[in-house]
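First to last, the sequence lines map onto chains A and B. Under UniProt numbering, the first residue of the first sequence carries the number 1, and numbering increases by one thereafter. Under UniProt numbering, the first residue of the second sequence carries the number 1, and numbering increases by one thereafter. Yeah, the Cβ is synthetic: ideal placement off N, Cα and C, and Gly gets one too. Treat the numbers as computed from the prediction; the structure is a model and nothing was measured.
There are 2 protein chains.
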Amino acid sequence: PSRPPPASCDILPLSGRAIRYLSKRRQERVQLIGDVLRREGFDLVLLQEVWSERDYSNLKAKLGGCYPFSHYFRSGVIGSGLCVFSRFPILDTLLYQYSLNGYPYMLQHGDWFCGKSVGLVVLKISGIVFNVYVTHLHAEYCREKDAYLPHRLVQAWELAQFIRHTSKAADVVLLGGDLNMHPEDVGIRLLRGWTGLRDAFAEATRFEGCEDGCTLVPKNCFTVKSELLPFPLGIRIDYILYKAVSSFTVKCEELKTTTGTAPGMDIPFSDHEAVMATLCIRRQGQAADTTLGTSEPTLTDVVTEARTEVAVGLRAAQQQRYSTGRMAVLALLLLLLQAAAALGALAGLAAGQPFPKLSFSLLAFLAIGVLLLATGLHLFHTIEVKMLQGTEEQMRMALRALQERP
Amino acid sequence: PSRPPPASCDILPLSGRAIRYLSKRRQERVQLIGDVLRREGFDLVLLQEVWSERDYSNLKAKLGGCYPFSHYFRSGVIGSGLCVFSRFPILDTLLYQYSLNGYPYMLQHGDWFCGKSVGLVVLKISGIVFNVYVTHLHAEYCREKDAYLPHRLVQAWELAQFIRHTSKAADVVLLGGDLNMHPEDVGIRLLRGWTGLRDAFAEATRFEGCEDGCTLVPKNCFTVKSELLPFPLGIRIDYILYKAVSSFTVKCEELKTTTGTAPGMDIPFSDHEAVMATLCIRRQGQAADTTLGTSEPTLTDVVTEARTEVAVGLRAAQQQRYSTGRMAVLALLLLLLQAAAALGALAGLAAGQPFPKLSFSLLAFLAIGVLLLATGLHLFHTIEVKMLQGTEEQMRMALRALQERP
Chain A
1 PSRPPPASCD ILPLSGRAIR YLSKRRQERV QLIGDVLRRE GFDLVLLQEV
51 WSERDYSNLK AKLGGCYPFS HYFRSGVIGS GLCVFSRFPI LDTLLYQYSL
101 NGYPYMLQHG DWFCGKSVGL VVLKISGIVF NVYVTHLHAE YCREKDAYLP
151 HRLVQAWELA QFIRHTSKAA DVVLLGGDLN MHPEDVGIRL LRGWTGLRDA
201 FAEATRFEGC EDGCTLVPKN CFTVKSELLP FPLGIRIDYI LYKAVSSFTV
251 KCEELKTTTG TAPGMDIPFS DHEAVMATLC IRRQGQAADT TLGTSEPTLT
301 DVVTEARTEV AVGLRAAQQQ RYSTGRMAVL ALLLLLLQAA AALGALAGLA
351 AGQPFPKLSF SLLAFLAIGV LLLATGLHLF HTIEVKMLQG TEEQMRMALR
401 ALQERP
Chain B
1 PSRPPPASCD ILPLSGRAIR YLSKRRQERV QLIGDVLRRE GFDLVLLQEV
51 WSERDYSNLK AKLGGCYPFS HYFRSGVIGS GLCVFSRFPI LDTLLYQYSL
101 NGYPYMLQHG DWFCGKSVGL VVLKISGIVF NVYVTHLHAE YCREKDAYLP
151 HRLVQAWELA QFIRHTSKAA DVVLLGGDLN MHPEDVGIRL LRGWTGLRDA
201 FAEATRFEGC EDGCTLVPKN CFTVKSELLP FPLGIRIDYI LYKAVSSFTV
251 KCEELKTTTG TAPGMDIPFS DHEAVMATLC IRRQGQAADT TLGTSEPTLT
301 DVVTEARTEV AVGLRAAQQQ RYSTGRMAVL ALLLLLLQAA AALGALAGLA
351 AGQPFPKLSF SLLAFLAIGV LLLATGLHLF HTIEVKMLQG TEEQMRMALR
401 ALQERP
């Protein structure tokens with residue numbers, strides 16, 4: 001309420017929230033989020049996990065007055081869950097789907113079905129061009145044995161590359177979303193180092209909210225307490241990152257998170273705490289070179305570390321490609337054997353009826369089933385191998401470029 | 001041979017060729033292409049349909065001397081087939097996979113398995129930044145009843161959007177590849193209109209090669225003659241497009257295509273004729289505004305036409321989503337019915353053995369098979385519907401922006 005209008009002082013509050021599709025009391029919470037967004041009157045709102053397009057339409061209808069511009073990014077079977085509400089006109093959009101995003105057969109995790117992506121919206125506020133990115137990376141289901149780490153690293157790398165290539169004409173770059181990485185994780189260091197984006201939590205002049213800026217906290221009634229046992233304060237996995245690419249400076253004046261339940265209610269807005277930033281953007285005399293965020297020797301280490309993890313994932317994927325291929329070949333051999341036996345029986349070579357018909361046909365169906373399934377998995381792991389190889393090679397190229405610099 | 005070096009006069013020859021993976025005499029032709037590329041010494045070579053990574057490695061080993069820089073874009077099950085050879089250092093690369101690319105069950109067409117994409121390489125030649133794009137869009141198998149037109153239009157739109165968003169800091173933009181569209185097709189007009197790219201064939205000062213610049217000609221012994229019956233001269237589906245985005249001008253001095261068989265050989269290099277361009281890039285005093293290639297009222301018509309085609313594809317996809325969903329539900333009902341009957345028989349409700357065991361279990365397996373298949377197809381068509389909806393909405397946004405301009 002005490003915030004001056006952005007046209008005069010270039011302030012941009014930003015908010016990210018998450019809504020689980022199958023979660024408890026979803027409708028009530030969407031309602032609640034709509035109320036708060038209307039009351040607070042942010043300039044820009046980035047939402048993740050709005051899986052239901054109907055929820056988006058409801059929010060859009062409700063918020064049309066204060067956020068006349070909005071965009072919903074469609075992708076995957078369920079949807080990317082990403083959407084943007086803005087007080088300022090959205091000039092252009094682009095969606096980039098990550099090439100790896102978990103496994104379709106891990107139904108209990110379901111990330112594959114969301115078609116995880118990064119969405120870009122281009123805005124112009126007071127003559128300043130903003131490239132705003134919203135994203136949601138693959139979840140981490142088990143920190144000790146994180147099978148999805150290579151996929152998340154590929155996503156972090158593709159996110160960084162996408163930002164670098166698309167933001168060259170922007171004055172200010174903003175990234176908000178659920179990155180599913182702890183602040184010290186290699187993926188975050190890679191993303192920050194390779195794009196030059198800065199972390200609003202680390203830079204903020206004032207901070208108010210959960211301790212250490214955590215966004216997944218035990219006191220939120222929708223979080224799974226057992227997962228947070230090693231982290232009594234919670235973890236910080238939702239971020240607002242930013243940089244100015246031309247003759248501008250960005251400063252985070254204030255960062256806030258929500259803390260548990262909504263005011264006057266018994267439930268929180270979401271299972272993640274929302275992050276809100278007030279940014280101050282100023283024109284400055286000379287252009288600052290902020291292409292790389294980390295000093296180059298450190299960046300070399302980070303890229304090397306990421307590349308090692310991708311290589312580990314690559315070996316696992318190659319192993320799975322091999323074993324699914326072998327399974328498919330075995331099933332095919334069994335089928336051929338059965339076909340030969342059946343032909344033999346038909347030709348009268350085997351006297352009597354050596355195979356009981358029922359178990360014979362059951363076995364044939366089983367073999368066909370295994371053949372189809374193993375072939376599908378083999379194709380999937382072939383794609384996985386290709387994308388991991390591609391990322392590893394890109395990282396190698398990046399390392400060479402870093403080392404060749406004077 | 002008479003070409004002066006590009007450092008002094010900014011000339012850039014460009015060549016695109018296609019190699020079919022399962023094609024006749026592939027090895028011999030890869031060999032032939034390597035020989036020609038080494039002899040001619042182009043500055044930049046863009047290849048499509050190099051499906052085999054071994055072919056790429058062989059070419060790379062052979063061409064290392066004259067093209068020290070190269071990149072192979074990995075994607076899909078088979079691969080994107082795209083690669084680039086360059087005399088100048090490749091500074092950066094990015095791959096964008098099209099969100100729609102045919103159907104996995106159309107095995108005879110197989111486009112889905114290639115993971116069709118657009119590859120970007122960034123080069124700096126004499127201080128000029130080149131964004132070079134290489135791509136291969138979905139094939140057209142039947143011009144009269146082109147079931148893939150909506151997918152190809154989504155690809156053309158995504159290609160145009162990708163180029164617009166990533167080329168903002170480039171001085172010169174080049175696009176080369178097999179677009180699988182005739183010059184007057186809506187997809188080409190959309191791509192050219194929305195990006196401002198110009199067609200080297202239309203702009204070339206000198207032209208030499210197949211009549212009308214055709215690249216798929218009946219006299220090439222690898223083409224299917226019956227497909228080209230309505231087009232006695234052949235068709236032009238491989239393009240070199242370009243534009244200068246800042247204070248530069250590009251002029252196509254010369255455009256050539258190969259014509260049938262390779263010199264001194266009985267076979268052509270490829271089933272498509274190669275296109276070679278000599279471009280002259282000059283620095284000019286003031287920046288020209290070339291954001292849109294077509295005058296705006298015409299562009300509005302083109303986007304409207306494309307949107308109509310996408311909407312037709314959307315209705316077909318929704319229909320298929322519905323019928324596959326219904327099929328899955330029917331299969332599930334049959335399974336439940338069978339389960340009830342089996343339970344009934346077990347409980348001794350039905351005296352005797354009403355169902356022959358063999359046909360009962362065969363039916364159950366059939367139902368499971370149909371259920372799995374129909375569910376898979378339903379998910380696939382759900383994704384298709386989402387992407388077509390997303391593209392249609394982006395086109396609607398673009399139309400609104402075009403109409404609002406003064």
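With a threshold of 7 Å between beta carbons, A/Val77 makes contact with chain B. Shown here, A/Phe269 sits in coil according to DSSP, grouped into three states, outside any helix or strand.
A/His109 does not reach chain B, its nearest Cβ partner there being about 16 Å away, counting only Cβ pairs nearer than 8 Å. Contacts with chain B (Cβ-Cβ distance below 7 Å) from the segment 159-171 of chain A involve Gln161, His165, Thr166, Lys168 and Ala169, listed in chain order.
Residue contact check for A/Lys357 against chain B: a CB pair falls below 7 Å. Listed as beta-bridge partners of A/Phe130 by DSSP are A/Leu123 and A/Val172.
Listed along the chain, the chain A residues whose CB falls inside 9 Å of the CB of B/Ser99 are Ser75, Leu95, Gln97 and Gly115. When 9 Å is used as the limit between beta carbons, B/Gly390 is near these residues of chain A: Tyr72, Phe73, Arg74, Ser75 and Leu95, in chain order.
Between B/Asn131 and B/Met397, the alpha-carbon positions lie close to 26 Å from each other.
Residue contact check for A/Thr135 against chain B: no CB pair falls below 7 Å.
The distance from the Cβ of B/Gly119 to that of B/Trp112 is about 18 Å, inconsistent with a contact at the 8 Å cut-off.
Residues of chain A whose Cβ lies closer than 7 Å to the Cβ of B/Ile128 do not exist; the shortest such Cβ separation is about 15 Å.
If you draw a straight line from the Cα of B/Gly348 to the Cα of B/Ala331, it is about 26 Å long. Contact between the segment 85-94 of chain B and the segment 61-73 of chain B is present: three or more C-beta pairs spanning the two stretches fall below 8 Å.
For B/Val134 against B/Leu100, the beta-carbon gap comes to about 19 Å, at or over 8 Å, which does not count as contact. Of the candidates B/Gly234, B/Leu233 and B/Lys256, B/Lys256 places its Cα closest to the Cα of B/Ile240. With a threshold of 7 Å between beta carbons, B/Phe365 makes contact with chain A. Boundaries for A/Ile240: no alpha helix (DSSP H) harbours it, while the beta strand (DSSP E) harbouring it runs Asp238 to Ala244, taken from the DSSP string.
Comparing C-alpha distances from B/Arg307 to each of B/Gln389, B/Glu254, B/Thr93 and B/Ser117 shows the shortest one belongs to B/Gln389. Closer than 7 Å to the CB of A/Leu334 there is not a single CB belonging to chain B. Rounded to the nearest angstrom, the gap between the Cα atoms of B/Lys243 and B/Arg189 is 15 Å.
7 Å or more divides the Cβ of B/Gly115 from the Cβ of B/Ser57. For the pair B/His182 and B/Ile235, the CB atoms are nearer than the 7 Å cut-off.
A contact is defined here as three or more CB-CB pairs under 8 Å, and the segment 321-339 of chain A fails this definition with respect to the segment 173-182 of chain A. Taking a 10 Å sphere around the C-beta of A/Tyr105, we find fewer than 16 other C-beta atoms and assign the residue as exposed.
Below the 7 Å Cβ cutoff, chain A contributes Ser361 as neighbours of B/Leu362, in chain order. A/Ile267 and A/Leu174 have their C-alpha atoms roughly 30 Å apart. DSSP places A/Ser99 in the coil class of the three-state scheme, outside both helix and strand. Segment contact: the segment 203-221 of chain B against the segment 268-281 of chain B, three or more CB-CB distances shorter than 8 Å; contact assigned. Looking at the DSSP output, B/Ser117 shares a beta bridge with B/Gln97. Straight-line spacing of the CA atoms in B/Cys214 and B/Ser270 works out to 14 Å. Chain order gives no chain B residues near A/Thr304, where near means a beta carbon separation below 7 Å; the closest approach is about 19 Å.
Checking the DSSP bridge columns, you'll see B/Ser86 partnered with B/Leu44 and B/Phe69. Residue pairing of A/Phe207 in beta bridges, as defined by DSSP: A/Leu255.
Rounded to the nearest angstrom, the Cβ distance from B/Met327 to B/Val385 is 16 Å, too far for a contact under 8 Å. Under the three-state reduction of DSSP, A/Leu229 is assigned to coil, being neither helix nor strand.
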